[in-house]
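Structure record follows, encoded as structure tokens.
Residue numbers (the numbering used here): 426 to 580.
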């Protein structure tokens, strides 16, 4: 009988500890920069600064202050979160939207940011925004779209 009571008390303590950790995790993982919209089939739509119709991802600052993405990473591979590092010049004002071209060029020209990877909607890819520590801040599974169509958040 005593053994059952000890097991019950120990289980209850573990459960309460897990709930406390879960609550703390939810609070610390709130999204500040959101992956707002992406295009994986830009065949005759928006043209980048090189005159190409590269795919793109749009980020949105939902925070109450300006944010620098220095130290953040963008990837299309859930097994390699550190594919493209945001440059120190990538900052976003409150409520701002900013695009990153997914051209594979890995260059920044003025306010035109080109990641070092492309999207292929037929390869089960993700768009993942993570910190230098590998904490995923936001992610979206790349779904198939028709030519020149985009996918975005509704909220």
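Cβ atoms here follow ideal geometry from the backbone N, Cα and C, with glycine treated the same way. Given the structure is predicted, the values throughout are model-derived calculations rather than measurements.
Under 8 angstroms between C-beta atoms of residue i and residue j
i: residue 501; j: residue 551; result: yes
i: residue 493; j: residue 516; result: yes
i: residue 488; j: residue 457; result: yes
i: residue 573; j: residue 467; result: yes
i: residue 578; j: residue 461; result: yes
i: residue 569; j: residue 546; result: yes
i: residue 532; j: residue 463; result: no
Limits of the unbroken beta strand (DSSP E) element including residue i
i: residue 463; result: 458-464
i: residue 480; result: 480-486
Of the listed residues the options, nearest to residue i (C-alpha basis)
i: residue 459; options: 571, 547, 563, 570; result: 563
i: residue 472; options: 567, 497, 495, 527; result: 527
i: residue 538; options: 565, 498, 576, 566; result: 498
i: residue 560; options: 491, 464, 503, 549; result: 503
i: residue 490; options: 519, 469, 553; result: 519
i: residue 558; options: 495, 514, 513; result: 495
i: residue 536; options: 555, 513, 553; result: 513
* Kindly provide the ranges of any alpha helix (DSSP H) runs that are 4 or more residues long and lie completely inside the stretch 498-569, ordered along the chain. => For the stretch 498-569, not a single whole alpha helix (DSSP H) run of length 4 or above is found.
* Inter-stretch contact at 8 angstroms, needing at least 3 Cβ pairs: the stretch 505-524 / the stretch 542-556 -> Look at the beta carbons and you see the stretch 505-524 touching the stretch 542-556: at least three pairs across the two are nearer than 8 angstroms.
* Asked: Taking one C-beta from the stretch 518-527 and one from the stretch 480-492 each time, how about it: are there three or more such pairs within less than 8 angstroms?
  -> Segments in contact, yes.
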